[in-house]
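S.K.: Here the numbering used here is used: the first residue of the first sequence is 15, the next is one more, and so on. We put the CB at the ideal spot given by N, CA and C, even for glycine.
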Amino acid sequence: MPAVRPVPEPRAPSEGAALLEGAAPLPRDFYARPALVVARACIGKVLVHTTPEGTAAGRIVETEAYRGPEDLAAHSAGGRRTVRTEVMFGPAGYAYVFQLYGMHWAFNIVVASEGEPHAVLIRAIEPVIGLPLMSRRRGVAPGRIELTNGPGKLCKALGLDRAAYGMDVCGAQLSLLPGAAGPIGRSPRINVDYAGAWAKKPWRFYERGNRYVSVPPRH
DNA sequence: GAATAGATTGTCT
DNA sequence: GACAATCTATTCT
Numbered sequence: 015m016p017a018v019r020p021v022p023e024p025r026a027p028s029e030g031a032a033l034l035e036g037a038a039p040l041p042r043d044f045y046a047r048p049a050l051v052v053a054r055a056c057i058g059k060v061l062v063h064t065t066p067e068g069t070a071a072g073r074i075v076e077t078e079a080y081r082g083p084e085d086l087a088a089h090s091a092g093g094r095r096t097v098r099t100e101v102m103f104g105p106a107g108y109a110y111v112f113q114l115y116g117m118h119w120a121f122n123i124v125v126a127s128e129g130e131p132h133a134v135l136i137r138a139i140e141p142v143i144g145l146p147l148m149s150r151r152r153g154v155a156p157g158r159i160e161l162t163n164g165p166g167k168l169c170k171a172l173g174l175d176r177a178a179y180g181m182d183v184c185g186a187q188l189s190l191l192p193g194a195a196g197p198i199g200r201s202p203r204i205n206v207d208y209a210g211a212w213a214k215k216p217w218r219f220y221e222r223g224n225r226y227v228s229v230p231p232r233h
């Protein structure tokens, strides 16, 4: 028996399909709120991305808030405004996608008000729709947590890359759908040790007990 | 289970 | 030219 974290079963495909039919995307004002509020509110919501290959979606189970220019862990630290960070300075509800380590992509949603370069990083999802598509993109069997338990992995699974930079997250191709969350935990953000005191802030949110959370929280 | 190294490229100094 | 909001395979214990 593998080691033990509580294991919610993945939603049945029928449940996912029903979810897709009924729900309207969360409106832009969902994102136009403080970063910590949105980061927490995103837990349990369903991130959906549709491409010519098909639709894939998952429940968000882990997020992090980034709040430049003060936050030294943010790419917008110190008000740094470049081609890469530009979208963060615009209105809420658009995608900030960046590449890291030369080969992985990470997906964020711009939040707060225009001119405030804040974003919420989506770090892990629990697959809900398009399991075969995600499995094919990742080269990982459906049902394995390695499908989507990390920022780079979920981007690959959902087909999110540079093409999604600046994309509207309130649109037909890319959106969040309503969803409920279980108990929510907090911890410091992952791999931002370079940010000094800012690295210690408990700005990571996750659904407690969800096996898709990328880095197992202590307790 | 834990620790390590290697992959690989856009972005910024 | 350095390095990154990571992932994987491999090599220990």
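(1) How many Å lie between S201 and Y208 at the Cα?
(2) Assign G92 to one of two classes, buried (16 or more other C-beta atoms within 10 Å of its C-beta) or exposed (fewer than that).
(3) Would you give the residue range spanned by the alpha helix (DSSP H) that A178 belongs to?
(4) So, for M185: in the same chain, excluding its five sequence neighbours on each side, which residues have a beta-carbon less than 8 Å away from its beta-carbon?
(5) Tell me the rounded alpha-carbon separation between G153 and R73.
(6) Is DSSP giving D182 helix, strand or coil here?
(7) Report yes or no: do the stretch 174 to 193 and the stretch 98 to 108 share at least 3 C-beta pairs separated by less than 8 Å?
(8) DSSP puts T65 in a beta bridge; with which residues?
(9) Quickly, what does DSSP pair L135 with across the bridge? List them, please.
(10) Keeping to the same chain, check which residues put their C-beta closer than 7 Å to that of T65; ignore five residues upstream and five downstream.
(11) In or out: N236 buried (at least 16 other Cβ within 10 Å) or exposed?
(12) Are there three or more Cβ pairs, one per stretch, closer than 8 Å when the stretch 146 to 161 is compared with the stretch 76 to 91?
(13) Using a Cβ-Cβ cutoff of less than 7 Å, which residues in the same chain neighbour K170 once the five nearest sequence positions on both sides are dropped?
(14) Between K215 and D85, is the Cβ-Cβ spacing less than 9 Å?
(15) Compare the C-alpha of Y226 against each of R42, L161, V52 and name the closest.
(16) Kindly indicate the opening and closing residues of the alpha helix (DSSP H) around V52.
(17) Can W217 and D175 be called in contact, C-beta distance under 9 Å?
(18) Would you mind listing the alpha helix (DSSP H) stretches within the stretch 157 to 225 that are 4+ residues and don't spill past its ends, in chain order?
(19) Figure out for me which residue from N122, G157, R42 has the closest Cα to the Cα of L135.
(20) Output the distance between the C-alpha atoms of Y115 and A194, rounded to the nearest integer angstrom.
(21) Kindly indicate which residue of S127, G144, G196, G68 has the alpha-carbon position closest to the one of R54.
(22) Buried or exposed: which applies to G67, given that a residue is buried once 16 or more other Cβ atoms fall within 10 Å of its Cβ?
(23) Select from A126, H132, W212 the residue whose C-alpha is nearest the C-alpha of R94.
M.R.: Walking through what the data contain:
(1) For this step, residue 201 is matched to residue 187 along the first sequence. For this step, residue 208 is matched to residue 194 along the first sequence. Cα to Cα, S201 sits roughly 17 Å from Y208.
(2) The count along the first sequence starts at 1 and reaches residue 92 at position 78. Exposed: under 16 other Cβ atoms inside 10 Å.
(3) Your numbering for residue 178 matches position 164 in the first sequence. Run containing A178: none; DSSP gives neither H nor E here.
(4) If you number the first sequence from 1, residue 185 lands on position 171. Residue identity check: residue 185 is Gly in the sequence provided, not Met. Excluding positions up to five away in sequence, the list reads P39.
(5) The residue labelled residue 153 in the question sits at position 139 within the first sequence. The residue labelled residue 73 in the question sits at position 59 within the first sequence. A straight line joining the alpha-carbon of G153 with that of R73 spans about 20 Å.
(6) Counted from its first residue, the first sequence places residue 182 at position 168. In the structure shown, D182 sits in a strand (DSSP, three-state: E or B).
(7) Cβ pair count under 8 Å is three or more, so yes.
(8) Locating residue 65 in the first sequence gives position 51, where the first residue counts as 1. Assignment of beta-bridge partners to T65 by DSSP yields G68.
(9) One-based indexing of the first sequence puts residue 135 at position 121. L135 pairs with E78, N122.
(10) Walking along the first sequence from the start, residue 65 turns up at place 51. Contacts found: G173.
(11) An answer regarding residue 236 cannot be provided, because it is not within the stretch 15 to 233 covered by the chain.
(12) Contact between the stretch 146 to 161 and the stretch 76 to 91 is absent, because fewer than three Cβ pairs lie under 8 Å.
(13) In the first sequence, residue 170 corresponds to position 156, counting from 1. Around K170: R151, R152.
(14) The residue labelled residue 215 in the question sits at position 201 within the first sequence. The residue labelled residue 85 in the question sits at position 71 within the first sequence. Yes, Cβ-Cβ distance for K215 and D85 is below 9 Å.
(15) Residue mapping note: residue 226 aligns to position 212 of the first sequence, counting from 1. For the options R42, L161, V52, the alpha carbon positioned closest to that of Y226 is the one of L161.
(16) Locating residue 52 in the first sequence gives position 38, where the first residue counts as 1. Per DSSP, V52 belongs to the alpha helix (DSSP H) from 49 to 56.
(17) Here residue 217 is taken as the residue at index 203 of the first sequence, counted from 1. Here residue 175 is taken as the residue at index 161 of the first sequence, counted from 1. The beta carbons of W217 and D175 sit no closer together than 9 Å.
(18) Listed in chain order, the complete alpha helix (DSSP H) runs (minimum 4 residues) inside the stretch 157 to 225 are 165 to 172.
(19) Counting from one through the first sequence, the residue named residue 135 turns up at place 121. Taking only the C-alpha atoms, the option nearest L135 is N122.
(20) In the first sequence, the residue the question calls residue 115 occupies position 101. In the first sequence, the residue the question calls residue 194 occupies position 180. So the alpha carbons of these two residues sit roughly 33 Å apart.
(21) Mapped onto the first sequence, residue 54 falls at position 40. Distance from the Cα of R54 is smallest, within the candidate group S127, G144, G196, G68, for G196.
(22) One-based indexing of the first sequence puts residue 67 at position 53. The amino acid at residue 67 is misidentified as Gly; the sequence shows Glu. So E67 counts as exposed.
(23) The residue labelled residue 94 in the question sits at position 80 within the first sequence. When only C-alpha atoms are compared, the closest one is H132.
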